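Residue numbers 1 to 292, in the working numbering, belong to the letters of the sequence shown in order.
We put the beta carbon where it would ideally sit given N, CA and C, even for glycine.
Keep in mind that this is a model prediction, so the values were computed, not measured.
In what follows, a structure is listed as structure tokens, so that the remarks can point back to it.
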Amino acid sequence: MAAEGHAPTASEYIVHHLQHWQVDWSLKPVVQKAIVDFGVINLDSVLYALIIGALGCFVLWLAARKATAGVPGRFQAAVEMLVEMVDNQAKANIHNAKSRKFIAPLALTVFVWIFLLNAMDMLPVDLLPSLWAKAYGALGHDPHHAYMRVVPTADLSTTLGLSTSVLVLCLIYSIKIKGLGGWGHELISAPFGAHPLLWPINLLMQIIEYLAKTISHGMRLFGNMYAGELVFMLIALMGGAMAASLSGVLLPIGHIIAGTIWAIFHILVITLQAFIFMMLTLIYLGQAHEAH
């Protein structure tokens with residue numbers, strides 16, 4: 001991150017915090033050299049996604065385990081409101097009752113999981129990375145090369161992986177509901193009609209539609225969370241600017257005020273982004289059940 005004994009500059013600080021803990025498939029440390037590199041794994045994103053996913057499952061299991069038929073407590077009431085909200089949205093978009101038995105719980109899982117992943121952005125910027133740097137140094141490695149990002153949804157690999165999973169489900173339900181022949185006919189006959197001369201154009205338009213929905217689905221979540229993470233880093237830099245010069249003596253106050261305001265606003269952002277991703281999942285799966 002910086003030469004030993006010297007504090008990092010603002011740009012070095014941000015670049016270091018935006019670097020993932022990357023390994024290859026044999027778990028050896030590597031550095032990604034291309035925009036798309038399937039030989040590189042962002043191990044921090046994978047680990048935090050798994051841990052937070054397990055935590056979300058535990059929370060929902062705990063709510064189900066403690067559920068009572070009488071007057072619910074606050075925790076049970078909150079979970080019941082969440083389940084009811086998701087179920088209502090599923091009924092509004094998925095009219096096939098049999099499909100809803102799988103899709104409604106899936107939507108609930110998506111909302112809770114993404115909300116918790118987004119909520120990692122509320123932790124102090126340097127908390128987990130600094131703890132990891134100390135542990136990395138204690139293992140005999142250079143702590144300046146201890147990279148860790150704690151918000152999996154600020155990683156494009158994570159968000160595009162989620163949106164691609166939704167695409168796969170859309171294809172599965174398109175074939176399941178319409179049949180392979182019916183779906184194949186739809187690919188070449190919509191949106192401009194079933195005339196043979198229009199088949200290539202229709203197919204091209206369908207491919208573009210699937211790709212556009214998948215990419216925008218993942219990019220929307222990534223863009224918002226990446227920007228939020230970057231703003232928290234910039235606010236964190238304000239707190240350390242006082243040590244650089246006397247002119248920055250008031251910056252810690254600005255750091256506290258700006259950090260508080262952004263944190264409060266970001267609670268809305270992380271909730272809204274989880275809701276939007278869930279709603280688009282339901283909408284796309286609902287479209288897979290409908291014929292053009």
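Starting from S45 and walking both ways along the alpha helix (DSSP H), at which residues does that stretch end?
Unbroken alpha helix (DSSP H) run through S45: L43 to R65.
How many angstroms separate the CA atom of N93 from the CA atom of A291?
Their backbone Cα atoms lie some 14 Å apart in a straight line.
I'd like to know whether the C-beta atoms of L160 and G228 end up nearer to each other than 7 Å.
no
Kindly indicate the opening and closing residues of the alpha helix (DSSP H) around S26.
Taken as a continuous stretch (DSSP letters only), S26 belongs to no alpha helix (DSSP H), as it is neither H nor E.
For the alpha helix (DSSP H) that contains F111, what are its first and last residues?
A97 to A119
V150 and Y226 - do their beta-carbons sit closer together than 7 Å?
no
Could you have a look at R149 and say whether DSSP puts it in helix, strand or coil?
coil
When the Cα atoms are used, what is the spatial distance from I35 to D155?
Whole-angstrom Cα-Cα distance: 12 Å.
Just to check my reading of the structure: T281 and T214 have Cβ atoms closer than 8 Å, yes? What is that Cβ distance to the nearest angstrom?
The pair is not a contact, with the Cβ atoms about 11 Å apart (cut-off 8 Å).
List the whole-angstrom C-beta distance separating W297 from D44, where the pair is believed to meet the contact cut-off of C-beta under 8 Å.
One cannot answer for residue 297 here, as it falls past the ends of the chain, which runs 1 to 292.
At a cut of 8 Å, does the segment 73-88 reach the segment 25-32 through at least three beta carbon pairs?
They do not touch, by the three-pair rule.
Give the secondary structure of F265 by DSSP, where H, G and I count as helix, E and B as strand, and everything else as coil.
helix
To the nearest angstrom, how far is it from the Cα of A3 to the Cα of D142?
Its pLDDT being 44, under 50, A3 is placed unreliably in this model, and the coordinates cannot settle the point.
Report, in whole angstroms, the separation of the C-beta atoms of T109 and F222, which I expect to be a contact under 8 Å.
Not confirmed; about 19 Å, so no contact.
Taking only runs that begin and end inside the segment 180-253, name each unbroken alpha helix (DSSP H) of 4 or more residues, in chain order.
Every alpha helix (DSSP H) stretch that sits fully inside the segment 180-253 and reaches 4 residues is listed by chain position as 199-240.
8 Å CB neighbourhood of I51 in its chain, flanking five on each side removed
Setting aside the 5 residues that flank it on each side, I51 has no residue in the same chain whose C-beta is closer than 8 Å to its C-beta.
According to the neighbour-count rule (16 or more other Cβ atoms, all chains shown, within 10 Å of its Cβ), is F277 buried or exposed?
buried
Evaluate contact between the segment 101-121 and the segment 262-277, counting only Cβ atoms and requiring at least three cross-stretch pairs below 8 Å.
yes
Taking all protein chains shown into account, decide if F75 is buried (16 or more other Cβ within 10 angstroms of its Cβ) or exposed.
exposed
Residue burial classification, A64 (beta-carbon count within 10 angstroms, cutoff 16):
exposed
To the nearest angstrom, how far is the alpha carbon of G301 from that of D87?
For residue 301 there is no data in the structure shown, the boundaries of the chain being 1 and 292.
Locate the alpha helix (DSSP H) running through D87, then write down its first and last residues.
R74 to N93
Can you give me the Cβ contacts of Y136 inside the same chain, cut-off strictly under 7 Å, excluding the 5 residues immediately before and after it?
P143 and A146
So, under 8 Å CB-CB, N42 and S130 are touching, yes? Tell me the CB distance rounded to an integer number of Å.
Incorrect: roughly 19 Å between the Cβ atoms, too far for contact.
Using 6 Å as the cut-off, classify the Cβ of L204 as near or not near the heavy atoms of the ligand COA, replying yes or no.
With respect to the ligand COA, the structure offers nothing, as it holds no ligand at all.
Spatial neighbours of L246 in its chain, beta-carbon cut-off 6 Å, leaving aside the 5 residues before and after
Residue confidence is low: L246 scores 48 on pLDDT, short of 50, so the model does not pin down where it sits. Its coordinate-derived value is still stated next. The answer is none, since no qualifying residue turns up.
So G137 is in the alpha helix (DSSP H); what residue range does that whole segment cover?
First-last of the alpha helix (DSSP H) with G137: L127 to A138.
By how many angstroms is the C-alpha of F232 removed from the C-alpha of A10?
Each residue's Cα considered, the two are about 13 Å apart.
Ignore the nearest five residues each way along the sequence and tell me which others in H296's own chain have a CB closer than 6 Å to its CB.
With the chain represented from 1 up to 292, any question about residue 296 goes unanswered, as that position is not in the structure.
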